[in-house]
Amino acid sequence: MLKQQISNASRIPSRVPAPQHCIVDLRASLRYSSTTAGNQAGSGSQRRTPVLTVPTTGDTVDPGSQIQYWRRVGIWSDVDERLFLSHRWQTRNGIDKRGKLLDFLSSVLPEKIPPAKRDILGQTARIRTRAAFVKDVEDGMQVAPMSVRLTPHVLSVADWTDPINDPIRRQFIPLKSTLLPDHPKAVYDSLHEDDDSPVHGLVHRYPDKALFLATSICPVYCRFCTRSYAVGLDTESVKKASLKPKRSHWETMFDYIEKTPAIQDVVVSGGDSYLLQPDQLQLIGERLLSIPHIKRFRFATKGLAVSPVRILDRADGWTDAFVDLSNKGRALGKQVAMHTHFNHPSEVTWITELAARYLFAQGVIVRNQTVLLRGVNDDVRTMSTLIRKLADLNITPYYVYQSDMVKGIEDLRTPLSTIIELEKQIRGSIAGFMMPSFVVDVPGGGGKRLANSFESYDPKTGVSTWKAPGVAGDQTFEYHDPIRA
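Position 330 (the sequence shown) corresponds to 330 in the UniProt record's numbering; numbering is contiguous.
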C-alpha cells in the first residue's frame, strides 16, 4: 500500500507552481530598490534589497542590479554574475589545499594588518604585516584538527581588510597565536556518538530519532566541527574515521531503521548532505519515505549558508531532487525538511535571499542551527540580527548551540553564562515562534538540554552538571567552561 502511495506521490511535479508575487527563478523579472543595510563583510557600499514583483516571461536579471560582492576579491574581480552563479564554477574555484589558501591570503590581504580587538594570550601583537599573518595561518593549520575547504562565496563575504577580527575568518581559518590549550576534558568525540552507534554510521541516542551519517565530506570545513574525528581529510593531529557515501554502507543503516519501529524521525547528515549527488539524495529520501514508521526526516546542510548558488543553478539537479522529496513527503503526510547552519549576519547576501525565497516558494521547510562562538556571534546585537534576518527569509531559527567540548577550538568556546545571558536579553524582542532554543549538547551522550536547565552551575569553577532522564536516566553529565574565559 505504501509503495503505491509513493508511486502516486511521484506523479506530483517536482516544481510546485510558484506564486506570482514571489521570486522563484533567476529568469524572473526582479527590480531592486537601494537601501542602506549597513556594512556587509567590511563593505560600506549600499546594499540592494529585492522587491517582489510579478515575473515577466523572457526577462532576465540585470547583471548590474546587485552588488557583485565577490569582485572585492582581486582574483575574481573580472568574474561576472552569471559565472559566479554557476555551481560548477563555485566547486572548481574553491580552496581545498593549504598551499592554495596561503596563496589566496597573500593575494587578498593588505600589507598592514589591524590589531586584534580581543586577544586573550596577547600574542597577536606581532601580526602586523601580511607576511606575518600568512605565517601564523600556516602554523595554525599544522595543529588544526580540520583540513581546509572553502567556497568562493565564503571567501567573498569575509572582510580581508581586518582579518584577525573578521567573524567569517575565525570560523574557518585558524591563527596559531590565538589558539588556546585544550581543556583537560576535551576530546574529539565529545558527544560519544560512537557509543550510541548500533551500526557504523548510524547514531541512535534518542528513543524515536536516529542520525544517519551519509558522508564525511562538506562544502566547507568548520574549525569547530563536532565530528572532527571523522569529517574531512586527515590532518597532522587527527586520522579521520571516514564515512564513504556508498550504497552498501547505507544499506546496513536502512536495515537497522527498518527493523526498529520506535524510530520515527531521521536526521541525514555527515559530513553534509549538500555533497550528495542528486540521485544519492533521492535514493536516501525515497527509501526513508518507504518505511512505514518514519514520520519525518531532515537533511542537514550548511550549503544554503556557504554556497547558496547551488539552490538557484538550473543546470544542477540537487534542488530538483530535494523539492521532489519534499512534495512526495507532503503527499504521504510525512515531513521532509532542510536544516541549515548560519552563524553570522554577514553570511547572508542577496544570493542567499534569492535561494531562501525560492525554497519557501516551493514549500520547503527550512530551519537553522547556529553555534555560539566567541568573537563571531557572542553578543546580543549580532545574535539578534542573525535571528531576525533568518526569520525574514522564512528560515526558522531552531537552535543556538553552546560550543561542544572538542579539541582544537578552545579559543572559540564561551562560558555557559554567555549563552544564558544572550537568551535572557533576546527573548521577548522577537516573536516567540521565531525564537530559537538555546541549548547545550552535553558531553558524554546526554543529548540536548536547554541552557538554563542545568542541575548546578558554578561560574567560578566553570563546572555545570546536567541530567537527561529521557535519554540517560539518573546519570549526571558535566560541561566545563573554557579555562580562559
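Note that CB positions come from ideal geometry on N, CA and C, so glycine has one too. Please read all numbers here as calculations on a predicted model, not as lab measurements.
Would you call the segment 284-302 in contact with the segment 200-220, where contact means no fewer than 3 C-beta pairs closer than 8 Å?
Touching, yes, given that three or more Cβ pairs across the two stretches are closer than 8 Å.
Can you say whether K240 is buried or exposed, counting buried as having 16 or more other CB atoms within 10 angstroms of its CB?
When all chains shown are included, K240 counts as buried.
Have a look at the DSSP bridge pairing and note the partners of P397.
In the DSSP output, where bridge partners are listed per residue, P397 has N368.
Which residue from H192, P436, Q123, S417 puts its Cα closest to that of P482?
Distance from the Cα of P482 is smallest, within the candidate group H192, P436, Q123, S417, for S417.
Based on the DSSP secondary-structure assignment, which residues constitute the bridge partners of H480?
H480 pairs with V463.
C-alpha distance - Q475 paired with R449, whole-angstrom precision
Cα-Cα distance, rounded: 14 Å.
Please name the residue in A337, P292, F342 whose C-alpha comes closest to that of N377.
Per the Cα distances, F342.
If contacts are defined as beta-carbon pairs under 8 Å, then G408 and D182 qualify, I think. What distance do you get, rounded to the angstrom?
About 7 Å separates the CB atoms of G408 and D182; that is less than 8 Å, so the two are in contact.
Just how far apart, CA to CA, sit E478 and V371?
Straight across, the Cα-Cα distance linking E478 with V371 is about 19 Å.
Among H87, W76, D78, which one has its Cα closest to the Cα of D316?
Of the listed residues, the one whose Cα sits closest to D316 is H87.
In whole angstroms, what separates the C-alpha of P345 from that of L386?
Answer to the nearest angstrom: the Cα atoms are 5 Å apart.
Does the Cβ of P245 have 16 or more other Cβ atoms within 10 Å, making it buried, or fewer, making it exposed?
So P245 counts as buried.
Would you decide whether Q277 is buried or exposed? Buried here means 16 or more other CB atoms lie within 10 Å of its CB.
Exposed, because fewer than 16 other Cβ atoms sit within 10 Å of the Cβ of Q277.
Who are the near neighbours of G140 in its chain, counting only those whose CB is closer than 6 Å to its CB and skipping five residues on each side?
The residues P174, L175, K176, in chain order, have a CB closer than 6 Å to that of G140 in the same chain once the five nearest residues on each side in sequence are set aside.
Span separating the alpha-carbon of L83 from that of R71:
Roughly 12 Å between the two C-alpha positions.
Within this structure, are the beta carbons of F224 and L373 separated by less than 8 Å?
Yes, these two residues count as a Cβ contact at 8 Å.
As assigned by DSSP and simplified to three states, the class of M338
Three-state result, M338: strand.
Are the beta-carbon atoms belonging to Q282 and A331 less than 8 Å from one another?
No, the pair does not count as a contact, with Cβ atoms beyond the cut-off.
How about G271 and L243: do their beta carbons lie closer than 8 Å?
Yes, they are a contact pair.
Going by C-alpha distance, which of Y358, G375, Q66 is nearest D80?
Each of Y358, G375, Q66 was checked against the Cα of D80, and the nearest Cα belongs to Q66.
From K460 to L191, what distance separates their C-alpha atoms?
In this structure, the CA atom of K460 is about 24 Å from the CA atom of L191.
Which stretch, first to last residue, makes up the beta strand (DSSP E) that contains V450?
Correcting the residue identity first, residue 450 is Leu in this sequence and not Val. Annotation: the continuous beta strand (DSSP E) that includes L450 extends over 447-450.
In or out: Q142 buried (at least 16 other Cβ within 10 Å) or exposed?
When all chains shown are included, Q142 counts as exposed.
Cβ-based neighbour list, F454, same chain, cut-off 6 Å, excluding 5 preceding and 5 following
Around F454: S464, W466.
Buried or exposed for P415, going by 16 or more other Cβ atoms inside 10 Å?
By the neighbour-count criterion, in which a residue is buried when 16 or more other Cβ atoms sit within 10 angstroms of its Cβ, P415 is buried.
Would you tell me roughly how many angstroms separate the C-alpha atoms of T252 and S290, rounded to the nearest one?
Roughly 16 Å separates the two Cα atoms.
Using a Cβ-Cβ cutoff of less than 8 Å, which residues in the same chain neighbour Y188 once the five nearest sequence positions on both sides are dropped?
Cβ neighbours of Y188 beyond the five flanking positions: P145, S228, Y229, V238, V406, K407.
Collapsed DSSP secondary structure at A361 in the structure displayed
Look at A361 here: in three-state DSSP terms it is helix.
Y188 in three-state terms, based on DSSP:
Assigned with DSSP and collapsed to three states, Y188 falls in coil, not helix or strand.
Where D59 falls: helix, strand or coil (DSSP):
Bear in mind that the predicted position of D59 carries a pLDDT of just 35, short of 50, making it unreliable; the figure below should be weighed with that in mind. Coil, per DSSP.
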